[in-house]
Structure formats: C-alpha cells, structure tokens
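First comes the structure, then the notes that go with it.
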Amino acid sequence: MDPALPSSLRILCFGASITAGFHHFGLSHHPYAIRLEERLKQSLPSSTSIVIEIDGLSGDSVIDGEYFDRLEPRCKSEEYDWIIVQGGGNDFSFGRTPQAIYEELQKIWRTARGKGWKVLALTVTETSDRSKAGRARYSTLNELVKQHKEDGFYVADVERAIPWPAEEQEQRRIWDDGLHFKKVGYDMMGDAIAQRLLDITRGNVPTAKI
Numbered sequence: 734m735d736p737a738l739p740s741s742l743r744i745l746c747f748g749a750s751i752t753a754g755f756h757h758f759g760l761s762h763h764p765y766a767i768r769l770e771e772r773l774k775q776s777l778p779s780s781t782s783i784v785i786e787i788d789g790l791s792g793d794s795v796i797d798g799e800y801f802d803r804l805e806p807r808c809k810s811e812e813y814d815w816i817i818v819q820g821g822g823n824d825f826s827f828g829r830t831p832q833a834i835y836e837e838l839q840k841i842w843r844t845a846r847g848k849g850w851k852v853l854a855l856t857v858t859e860t861s862d863r864s865k866a867g868r869a870r871y872s873t874l875n876e877l878v879k880q881h882k883e884d885g886f887y888v889a890d891v892e893r894a895i896p897w898p899a900e901e902q903e904q905r906r907i908w909d910d911g912l913h914f915k916k917v918g919y920d921m922m923g924d925a926i927a928q929r930l931l932d933i934t935r936g937n938v939p940t941a942k943i
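762 is the number that our numbering gives to position 29 of the sequence shown; each next residue is one higher, with no gaps.
Set out below in structure tokens:
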C-alpha cells in the first residue's frame, strides 16, 4: 500500500435532511454516504477498512437546534478520522443570518477538531429559491465557509459541484422538491465528496480550498 494512504477510515456524515438523504416526502432516504462509500472502496486498496456512519436529522438547525446534542455524545464515545458537516439551510427559514450561522458552525467544527477529527465542511446546496435575497443568503454563508482556515479543516464545495440547472427537465431529474435531491442528486453529491477526500488523502490540494 502507498504509505500516504490510510489503512482505515472512520467517517461520520453529520447534518440534517440532506445528510439523511431525504426524498419522496421523507418516505425514502438515499444518503450521499452510499455513493461516497462505493467510490472510496473503488479507489482505495481493498485492504483499507472503511466505516461510514450517518447522523442526519431532518429539519434540524445549527442555531438552537440539536446539532450539539447529537454531536457531544459521539465526542465522548466514538472516534473518527473525519467528520463531514453540512448545516445552515434550515436556519434561513428561521431568519438566521449567514454570519450567525457561520459562527455556530465554527463551534461545531472546533468541537470535532478538539477530538482530533479532521473536518470536511460542505457548502449548502442550491434550491429552487432563485430570488435575489435567497441566493444572496446562501452565497454569503458558502463564502464564509470556503474562506475559513484552520488546521485539519477542509471544504467540499458541493454547491458548485451540483449547480442549479437552467433546463427544467434537468432540474426535475436531480431535485425532488426544490430543496432535496432525488437519488441521482445524492449520488452526485457523494461523488464530489469522495473526490475531495481522495484528493486530500493523496495530498493533491491545499487545506481549505476545493
């Protein structure tokens, strides 16, 4: 095995409904972790042990939600190499500002880093809200996430990886309800995250850039 590659990977996918793979009104779930695991197993040596756990709570918010209530017990009892964190989209529905969300996300990242876990922060993915104000909120939060720099902290810009298509047919193919993806969209997300993790593992990219 290449000495630069890990012999094992323990990954926690942490967030809200997008992390859970919510689609079809919540009657089905297809988390991006499914494709993420497939891609990692395809790309890493067969001897590599890969364990991926999913903690996605639909409707949860970063501010005054259950993010910390879910994360803290894991910090006490679990060990991971990576935590993949996405959050903030639900907070906008409560009128939270991008800066306030970013400040709370930093606390989550810091908690994970305190355990020695590497953090892969995800940008919030696009939605059918094409209003100037709505897009500005998402763009501002994502820029704050992408510009953050810290040891052991990385970003996967899944918003850029899955842009909102101009063609209505393509929108319907990828998005389920204007917010959540269909299976193909979650697979696209898993592909982007896997590629980012593989690039980092192989030393092909700087710390906080995708």
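Where is the CB? At the ideal position from N, CA and C, for every residue including glycine.
- Annotation for residue 815: the continuous beta strand (DSSP E) segment containing it runs 815-818.
- One Cα belongs to residue 922, the other to residue 798, and the distance between them is close to 24 Å.
- Counting along the chain, residue 835 sits inside the alpha helix (DSSP H) bounded by residues 831-847.
- Residue 769 and residue 920 have their C-alpha atoms spaced approximately 8 Å apart.
- In this structure, residue 834 keeps its C-beta atom at 8 Å or more from the C-beta atom of residue 804.
- Between the segment 809-826 and the segment 745-765 there are three or more inter-stretch CB-CB distances shorter than 8 Å, so the stretches are counted as touching.
- Counting other Cβ atoms within 10 Å of its Cβ, residue 914 reaches 16 or more and is therefore classed as buried.
- Secondary structure note for residue 786: its beta strand (DSSP E) is the uninterrupted segment 782-789.
- Taking every protein chain shown into account, the CB of residue 935 has fewer than 16 other CB atoms within 10 angstroms, so this residue is exposed.
- A Cβ-Cβ distance of about 4 Å is found for the pair residue 874 and residue 831, placing them in contact under the 8 Å criterion.
- Here residue 741 is bridged, per DSSP, to 782.
- Residue 802 counts as exposed, since fewer than 16 other beta carbons sit within 10 angstroms of its beta carbon.
- By alpha-carbon distance to residue 884, the top candidate from 854, 811, 744 is 854.
- Annotated as distal: residue 852 and residue 813, with beta-carbon spacing of 8 Å or more.
- Sixteen is the threshold: since fewer than 16 other Cβ atoms of the shown chains lie within 10 Å of the Cβ of residue 778, the residue is exposed.
- Residue environment: residue 794 is assigned as buried (16 or more neighbouring CB atoms within 10 Å of its CB, all protein chains considered).
- By the neighbour-count criterion, in which 16 or more other beta carbons inside 10 Å mark a residue as buried, residue 836 falls on the exposed side.
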